[in-house]
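Asks: So that we are looking at the same thing, I have put the structure below in structure tokens.
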């Protein structure tokens, strides 16, 4: 699933479509279901760490002119470091979950209102899919080997974004502007799952969260895309 999601990012040309596909929570849902770990505070903090990861890569690559592969490697190392530190100090309590959720929503709303639109070039990988897909699958398989110690942070471990950011390296600002929408949609998904799981089980609680996610994603994405449409002179 992750490999197909990254492949779609590689072959889509428009920056806003790359950003939208990158923000879809298929890896989150799959990892939660397969690990059978209920949603908790580490999932919410993982979303914040993902925000830090992407913007740190953008800053290294676009501002400091660090080559994209080392920039991604440094970003992944930073994500793992933040995750390990948070796991050690943040209590996994109901209060911590809701404080983190409210903080993430406030951060997402502030970024949504504060980050301006920038015109960036589209890009589509020139490699044929029979070469690209196995390479992506290999990278994802390697990333899966280090996710176990991250607990809930593994749900937002940048498996898609490691290769997805490489494929979106020409439009990292546009991808970064999608993250506030990701925060404003994913936190409600997690909150619904958190509340519903004791009553309906993990799988159905995630299904209920997806309904809320999609209901928020559509209007927020429409608003975002309207800002990128050329205005008549």
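Residue numbers (this note's numbering): 2 to 234. Glycine included, every Cβ here is placed at the ideal spot set by N, Cα and C. For clarity, every value in this text was computed on a predicted model and none was experimentally measured.
(1) In the DSSP assignment, find the unbroken alpha helix (DSSP H) run with residue 202 in it and report its ends.
(2) Grouping DSSP H, G and I as helix and E and B as strand, with all else coil, what is residue 252?
(3) Rounding to the nearest angstrom, what Cα-Cα distance links residue 81 and residue 91 in this structure?
(4) List in chain order: all unbroken alpha helix (DSSP H) runs of 4+ residues lying wholly within the segment 34 to 110.
(5) What is the DSSP secondary structure of residue 232, counted as helix, strand or coil?
(6) By Cβ distance, which residues of its chain are closer than 6 Å to residue 207, with the 5 residues on each side in sequence left out?
(7) Any idea what DSSP makes of residue 24, helix, strand or coil?
(8) Which residues bound the alpha helix (DSSP H) around residue 5?
(9) Around the Cβ of residue 175, are there at least 16 other Cβ atoms within 10 angstroms (buried) or fewer (exposed)?
(10) Is residue 58 near residue 166, with beta carbons less than 8 Å apart?
(11) Give me the Cβ distance between residue 170 and residue 62, rounded to the nearest whole Å; I'm assuming they're in contact under 8 Å.
(12) Tell me the rounded alpha-carbon separation between residue 164 and residue 5.
(13) By how many angstroms is the C-alpha of residue 37 removed from the C-alpha of residue 190?
(14) Which value, in whole angstroms, describes the spacing of the CA atoms of residue 17 and residue 172?
(15) Starting from the Cα of residue 110, find the closest Cα among 182, 200 and 66 and give me that residue.
(16) Could you give the DSSP three-state label for residue 172: helix, strand or coil?
(17) So, helix, strand or coil for residue 120, using DSSP?
(18) What did DSSP end up calling residue 216 once you bin it into helix, strand or coil?
(19) So residue 105 packs on residue 53, CB below 8 Å; how close in whole Å?
Replies: Result, derived from the coordinates:
(1) Here residue 202 belongs to no alpha helix (DSSP H), and DSSP marks it neither H nor E.
(2) Outside the modelled stretch of the chain, which goes from 2 to 234, sits residue 252, for which no answer is possible.
(3) 15 Å
(4) 42 to 59 and 69 to 90
(5) Confidence in residue 232 is poor, its pLDDT being 47 and thus under 50, which makes the residue's placement unreliable; the coordinate value appears in the next sentence. Residue 232: coil per DSSP, three-state reduction.
(6) So the list reads 30 and 194, once near-sequence residues are dropped.
(7) coil
(8) Element bounds for residue 5: 3 to 12.
(9) Counting Cβ neighbours within 10 Å, residue 175 comes out buried, since at least 16 surround it.
(10) yes
(11) 7 Å
(12) 11 Å
(13) 16 Å
(14) 9 Å
(15) Residue 110 has its Cα closest to that of 182, out of 182, 200 and 66.
(16) Of the three classes helix, strand and coil, the one that applies to residue 172 here is coil, per DSSP.
(17) coil
(18) helix
(19) Their Cβ separation, rounded to whole angstroms, is 12 Å, which puts residue 105 and residue 53 out of contact at 8 Å.
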